[in-house]
Amino acid sequence: MEYETVIGLEVHAQLATHTKIFCGCRADFGAPTNTQTCPVCLGMPGALPVLNRRVVDFALRVVLATGGRVAPVSRFARKNYFYPDLPKGYQISQYELPLAEGGFLEFPFEDKIRRIRITRIHLEEDAGKLTHGETPGDRDFSFVDFNRTGVPLIEIVSEPDFRSPGEAAEYLRRLRQLVRYLGVCDGNMERGSLRCDANVSVRPAGSDGMGTKTEIKNLNSFRNVQRALEHEAGRQIEVLEHGGRIVQETRLWDPAQSVTLPMRSKEEAHDYRYFPEPDLMPLEVDERWLERVRDSLPELPLPRRSRLMEQYALSEYDAEQLTASRELADYFEEVARLCPDAKKAANWILSEMLREVKAGNEEDFTGGPVAPDHLAAMLSMIEEGTISGKIAKTVFEEMYRTGRPPEDIVRERGLTQVSDREAIEAAARRVLEAHPKQAEKYRAGKEKLFGFFVGQVMKETGGRANPGMVNEVLRELLNS
Amino acid sequence: MANTLEPYRLTVHDAHDLLRGGELTSVELTESMLSRIRDLDDRLHSYIRLTEDLAIEQARAADGRLRSGRDVRPLTGIPVAVKDVFCVEGTVTTAGSKILSGFRAPYESTVTARLREAGAVFMGKANMDEFAMGSSTENSRFGPTANPWDPSRTPGGSSGGSSAAVAADLCLASVGTDTGGSIRLPAAFCGIVGLKPTYGRVSRYGIIAYASSLDQAGPMTKDVADAALLLQAVAGRDPADSTSADVPVPEYAAALTGDVSGMRLGVPREYFGEGLDPEVAEAVRESLALLEDMGAEVVEVSLPHTDYALAAYYLLAPAEASSNLARYDGMRYGLREQDTGELAEVYKATRSEGFGPEVKRRIMLGTFALSAGYYEAYYRKAQQVRTLIREDFSRAFERCDLVLGPTAPTAAFELGEKIHDPLRMYLSDVHTIPVNLAGLPGVSIPCGFSSGGLPIGLQMIGGPFREEDLLRAAHAFESNTDHHLRRPGD
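Written as structure tokens, this is what we have:
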């Protein structure tokens, strides 16, 4: 039988506010353990939470960017469970009345624009970080770092709109791109700034019903999301094919073995006993607040991609690459503003520039050492014939290494293109004299050798000869 | 009348006059109090722990302020008892529980911070029912407190240590907390003034939580003027407590006019029903008659959902408590048992040993009320009842300025009398609980004595943030009576 996979994702994004969601502690990643704590985030007796409104600003950016409906009044709720990384014995989250409902994320996938519906986006606090028996000799101990307790999170719950693991992984990439564009989350999955759980089920292709779902946890990289979902869908199909039935359960992805394994039932048998958080007032978001956040939104990736294609006559591929991150797109547009040939600017950025940044990591581009006006100046020097395209690569390498303007590099190293006809002619004569046999063969009709002579002349001039002029001179000398 | 020979007998405002006039120093006052505590408190057990060093240090600092005349406030140099539910930085704070054994608060509650700033002297941590759960102070893991009027009886609870200390002159005033009557009931049983402010009037920051939507701190004093002084010192918006109200704090002393003429006093028929001791009913009726003679108008009102208040309270308060007390897990502070066991074993052993039976009962009740499948029938239903009770009061306040009735159905009962009968114990709070559910201010003042010589409390309930109305009527009543002047052993 043919099966169809149905997937929904729950994504947690840490918001990059300076301070925590319910206290004034710093929320920096990587600080020495337990140095960013206070009575509130340590769950001391009598301590009370106070909402950091900046957190709401950040969350609202995501809601507005995905077209969600913001609740005029939302409520915090307590999610009760015992664990050593949870100092109060409950997590402050939102339950019955989340910050926002509805909305969607659109992105191109397999030549179509896919629209994934978002169920809800709500605010909550992160728990601490547990490490077990890390120190030699301390095998029986667990350590808790409370720096992370109270770091703000949003949970973005999607509808079960994905029909393949690849689509789900692409959504996650696009969500990451979006939160980074919005400046609300660094999107780092390895550090846990972005985390993903998935609900997976399979059903006969073409059916409208829903199969029994399992929840998959521990999907801590894009690669793992895709692999885990592929594995889980395959596992479910195999169970069904063998006449079995799917058990509704939570499973953990084990990347080492490439399998999902059921969590012990004890770990998932939670009744969280949600109830409204009595220590916080309902959260009211009025139209003025929304307006302020709306005004702060940047241009989003997809519209920007379309605009770049239109405004600069770029290919979809180039526009896609250039809009991978807001920084890269900003960089491009700044160069394009200063340099008349936007297409050339795009080519340079996408080839030379990103090669230096790190192959394939265009979204990690943060500007680099080459100022946009320097790159624009260099492109103009090519355009004006001051330097050749080949020399430009050398110049660029040095610009990237030193951050210096191209004019200085070209001047100091004498890299200005040779467009002096006499000098080129002299070099060409020297070459022809040095290679009489080849000249004879060329004249006898072996025209392929023309390139050889061009190369030799370039060599003779230290690569600085104007290539057009070299061609012209050589043709005259050889054909005369 | 009290004087400098027995300075512990003074009210706060009288002591202030003497301190200010240089007839008495705070150190003298504090030392006389400490010596009296040493003489009497073995028997009463109103304090769990004294903070003598802190008290002397604060008294010296207060004397410095008094000498220089700079920053002298009504509480400067005044010895107070602090219920053990308030975090006082650097001092052991246990909420009467074994589970917080040895817990030294790393920070200061807003209430005690404001008292410190005002120059008050902290004598020690007053005894209380564990986590403020109880009506008799018998649930303290440090042993019960005795009623100064009759040591075989309870001082009431949960702020029983605070009320006994005030009544026995072991402090000039005290601060307690009230979730279902825990200030007013012990005030009534000990013959003192106990005021529970409007929910949100006083910051809860640093008060070990029992039921967050109901807890409120307030003064316990020898007379109404002192209650006004203490309330003035601690009331007002606190950015650290999101539920503290941004409502201006009036000058409470200005309400002490001695005049009740024109005030409309509502008497709810539901507060005079079955279970009310006839002597209490009589004392309250006489008080109403007196107030009427003084120019107040007495009107009958109805609070029809009163009967459901207790049941709603015993779902909502335990529900919140079950969550608030989850942090006592042996991981970070306080007691830890079975240190080497599995995680679940550590939790179980620590909480089994650390909590007393009443706390466990309420954690179980609350956990049940919030459980999947029961939430709608219990927690949500109780919230709906709460709304009805709030509406009862709103309607009543259309017809009157204050609602008056008994604070408790009886005078102080015997120690041991109800401790094994939780439901009977819970009924002690039947008149105070609706006030917490509605978030309103209430005060208990002495209004008479039983034939056995035990104090009886009159409860006055005000509209939201109308503490002035309470103080005005209570002060006028007090000015025309002498119940508050009687002392145990007189």
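The listed protein sequences derive, respectively, from chains B and U. Quick note on my numbering: the first sequence kicks off at 1 and runs consecutively. Quick note on my numbering: the second sequence kicks off at 1001 and runs consecutively. For glycine and all other residues, C-beta sits at the position ideal for the given N, C-alpha and C. Since the structure is predicted, the reported quantities are computational estimates derived from the model, not experimental observations.
>> Since Leu-1195/U and Gly-1218/U should fall inside the 8 Å C-beta cutoff, what is the C-beta to C-beta distance between them, to a whole number of angstroms?
In response: Taking the second sequence and counting its residues from 1, one reaches residue 1195/U at position 195. Taking the second sequence and counting its residues from 1, one reaches residue 1218/U at position 218. About 5 Å separates the beta carbons of Leu-1195/U and Gly-1218/U, which is inside the 8 Å limit, making them a contact pair.
>> List, in chain order, every chain U residue whose beta-carbon is nearer than 9 Å to that of Met-263/B.
In response: Within the first sequence, numbered from 1, the residue matching residue 263/B stands at position 263. The contacting residues do not exist; Met-263/B stays about 16 Å from chain U at best.
>> With distance defined between alpha-carbon atoms, name the residue in Arg-1332/U, Ser-1046/U and Phe-1272/U nearest to Pro-1148/U.
In response: Taking the second sequence and counting its residues from 1, one reaches residue 1148/U at position 148. Measuring C-alpha to C-alpha distances from Pro-1148/U to each of Arg-1332/U, Ser-1046/U and Phe-1272/U identifies Ser-1046/U as the nearest.
>> Just to make sure I have the definition right: I need the residues of chain B whose C-beta is within less than 7 Å of the C-beta of Gly-1206/U. Which are they?
In response: Taking the first residue of the second sequence as 1, we reach residue 1206/U at position 206. Near Gly-1206/U (Cβ distances below 7 Å), the residues of chain B are Gly-46.
> CB-CB under 7 Å to Asp-1063/U, same chain, minus the five flanking residues each way: which ones, in chain order?
Replying inline: The count along the second sequence starts at 1 and reaches residue 1063/U at position 63. Result list for Asp-1063/U: Thr-1025, Ser-1026, Val-1027 and Gly-1077, in chain order.
>> Quick check: what's the CA-CA separation for Arg-1020/U versus Val-1166/U?
In response: Locating residue 1020/U in the second sequence gives position 20, where the first residue counts as 1. Locating residue 1166/U in the second sequence gives position 166, where the first residue counts as 1. Approximately 22 Å between the Cα atoms of the pair.
> What residues in the stretch 272-283 of chain B have a beta carbon less than 7 Å from any beta carbon of chain U?
Replying inline: From the stretch 272-283 of chain B, only Arg-273, Phe-275, Pro-278, Asp-279, Leu-280 and Met-281 have a Cβ closer than 7 Å to chain U.
> For the 8 Å Cβ check, are there 3 or more pairs between the stretch 423-438 of chain B and the stretch 447-463 of chain B?
Replying inline: The stretch 447-463 of chain B and the stretch 423-438 of chain B touch, with three or more beta-carbon pairs separated by less than 8 Å.
> Where in the stretch 75-134 of chain B do unbroken runs of the beta strand (DSSP E), each at least 3 residues long, occur, reported from the N-terminal end onward?
Replying inline: As far as the stretch 75-134 of chain B is concerned, its whole beta strand (DSSP E) runs of at least 3 residues are 77-80, 90-93, 104-109, 112-125 and 129-132.
> Under the rule that 16 or more other beta-carbon atoms within 10 Å means buried, what is Ser-1152/U, buried or exposed?
Replying inline: Here residue 1152/U is taken as the residue at index 152 of the second sequence, counted from 1. So Ser-1152/U ends up on the exposed side.
> Taking Cβ-Cβ distances shorter than 8 Å, what residues in chain U pair up with Pro-84/B?
Replying inline: Looking up residue 84/B in the first sequence gives position 84. When 8 Å is used as the limit between beta carbons, Pro-84/B is near these residues of chain U: Asp-1329, Met-1331 and Leu-1343, in chain order.
> Val-11/B to Ser-193/B, Cα distance in whole Å?
Replying inline: Here residue 11/B is taken as the residue at index 11 of the first sequence, counted from 1. Here residue 193/B is taken as the residue at index 193 of the first sequence, counted from 1. The straight-line gap from Cα to Cα measures roughly 10 Å.
> How should Met-1364/U be labelled, buried or exposed, when 16 other C-beta atoms within 10 angstroms of its C-beta is the threshold for buried?
Replying inline: One-based indexing of the second sequence puts residue 1364/U at position 364. Result: exposed.
> Do we get a CB-CB distance below 8 Å when we pair Arg-163/B with the residues of chain U?
Replying inline: Locating residue 163/B in the first sequence gives position 163, where the first residue counts as 1. Cβ-Cβ to chain U under 8 Å: no for Arg-163/B.
>> Counting only beta-carbon separations shorter than 8 Å, does Gly-68/B have a partner in chain U?
In response: Taking the first residue of the first sequence as position 1, residue 68/B is located at position 68. With 8 Å as the cut-off, Gly-68/B does not count as an interface residue toward chain U.
>> Rounded to whole angstroms, what is the Cα-Cα separation between Gly-1356/U and Arg-1184/U?
In response: Counted from its first residue, the second sequence places residue 1356/U at position 356. Counted from its first residue, the second sequence places residue 1184/U at position 184. The straight-line gap from Cα to Cα measures roughly 24 Å.
> So is Pro-369/B buried or exposed if we call it buried at 16+ other beta carbons inside 10 Å?
Replying inline: To locate residue 369/B, count along the first sequence from 1; it is residue 369. Of the other Cβ atoms in all chains shown, fewer than 16 fall within 10 Å of the Cβ of Pro-369/B; this residue is therefore exposed.
> In angstroms, rounded to a whole number, what distance separates the CA positions of Ser-1428/U and Ala-65/B?
Replying inline: Looking up residue 1428/U in the second sequence gives position 428. Looking up residue 65/B in the first sequence gives position 65. Ser-1428/U and Ala-65/B: Cα-Cα distance of roughly 56 Å.
>> Residues in the same chain with beta-carbon distance under 7 Å from Thr-1410/U, minus the five sequence neighbours each way, listed in chain order, please.
In response: Your numbering for residue 1410/U matches position 410 in the second sequence. Result list for Thr-1410/U: Asp-1277 and Val-1280, in chain order.
> Listed from N- to C-terminal order along the chain, which residues in the stretch 1098-1125 of chain U have their beta-carbon within a distance smaller than 8 Å of any beta-carbon of chain B?
Replying inline: For the stretch 1098-1125 of chain U, residues whose beta-carbon sits nearer than 8 Å to a beta-carbon of chain B comprise Leu-1100, Phe-1103, Ala-1105, Pro-1106, Tyr-1107 and Ser-1109.
> Within the chosen definition, does the stretch 333-341 of chain B reach the stretch 206-225 of chain B through at least 3 CB pairs nearer than 8 Å?
Replying inline: Contact fails: fewer than three Cβ-Cβ distances are below 8 Å.
>> Can you pull the chain U neighbours of Pro-39/B, defined as C-beta to C-beta under 7 Å?
In response: To locate residue 39/B, count along the first sequence from 1; it is residue 39. Residues of chain U passing the Cβ test: Pro-1106 and Tyr-1107.
> When you compare only the Cα positions, how much space is there between Arg-78/B and Gly-1366/U?
Replying inline: In the first sequence, counting from the first residue as 1, residue 78/B sits at position 78. In the second sequence, counting from the first residue as 1, residue 1366/U sits at position 366. Answer to the nearest angstrom: the Cα atoms are 14 Å apart.
> Span of the alpha helix (DSSP H) holding Leu-1050/U?
Replying inline: Position 50 of the second sequence holds residue 1050/U. Leu-1050/U -> not in any alpha helix (DSSP H); beta strand (DSSP E) instead, spanning 1047-1050.
> Can you tell me whether DSSP reads Ser-164/B as helix, strand or coil?
Replying inline: On the first sequence, position 164 is the one that residue 164/B refers to. Ser-164/B sits in coil when the DSSP states are folded into three classes, being neither helix nor strand.
>> Residues of chain A with CB closer than 7 Å to the CB of Tyr-95/B, please, in chain order.
In response: Absent from the structure: chain A. Protein chains present are B and U.
>> Taking only three categories from DSSP, how would you classify Arg-1367/U?
In response: By 1-based counting over the second sequence, the position of residue 1367/U is 367. Correcting the residue identity first, residue 1367/U is Thr in this sequence and not Arg. DSSP, read as helix, strand or coil, puts Thr-1367/U in helix.
>> Taking 8 Å as the threshold (C-beta atoms), are Ala-168/B and Ala-198/B in contact?
In response: As a first step, residue 198/B is located in the first sequence; it is residue number 198 there, counting from the start. As a first step, residue 168/B is located in the first sequence; it is residue number 168 there, counting from the start. Yes, Cβ-Cβ distance for Ala-198/B and Ala-168/B is below 8 Å.
> Where does Leu-1005/U land, buried or exposed, given buried means 16+ other C-beta within 10 angstroms?
Replying inline: Working through the second sequence from its first residue, we reach residue 1005/U at position 5. With fewer than 16 Cβ atoms within 10 Å of its Cβ, Leu-1005/U is classed as exposed.
>> Against Asp-1241/U, what residues of chain B qualify as contacts under a CB-to-CB distance less than 7 Å, listed in chain order?
In response: Here residue 1241/U is taken as the residue at index 241 of the second sequence, counted from 1. Close partners of Asp-1241/U in chain B (Cβ separation under 7 Å): Leu-48.
>> For Asn-188/B, count the other beta carbons within 10 Å of its own beta carbon; 16 or more makes it buried, fewer makes it exposed. Which is it?
In response: Counted from its first residue, the first sequence places residue 188/B at position 188. With fewer than 16 other Cβ atoms from the protein chains shown falling within 10 Å of its own Cβ, Asn-188/B counts as exposed.
>> Any C-beta of chain B within less than 7 Å: which residues of the stretch 1373-1393 of chain U qualify?
In response: Result list: Tyr-1379.
> Who are Ala-1173/U's beta bridge partners in DSSP?
Replying inline: Stepping through the second sequence from its first residue, residue 1173/U is reached at position 173. In the DSSP output, where bridge partners are listed per residue, Ala-1173/U has Val-1080/U and Thr-1221/U.
>> At a threshold of 7 Å, does Gly-1448/U count as lining the ligand ATP (C-beta to nearest heavy atom)?
In response: Annotation note on the ligand ATP: not contained in the displayed structure, which lists no ligands.
> Quick one: Cα of Pro-1007/U to Cα of Arg-1395/U, how far?
Replying inline: Walking along the second sequence from the start, residue 1007/U turns up at place 7. Walking along the second sequence from the start, residue 1395/U turns up at place 395. Straight-line Cα distance between these residues: approximately 46 Å.
>> If contact is defined by three or more beta carbon pairs under 8 Å, each pair taking one atom from either stretch, is the stretch 1103-1117 of chain U in contact with the stretch 1196-1212 of chain U?
In response: Contact between the stretch 1196-1212 of chain U and the stretch 1103-1117 of chain U is present, because at least three Cβ pairs lie under 8 Å.
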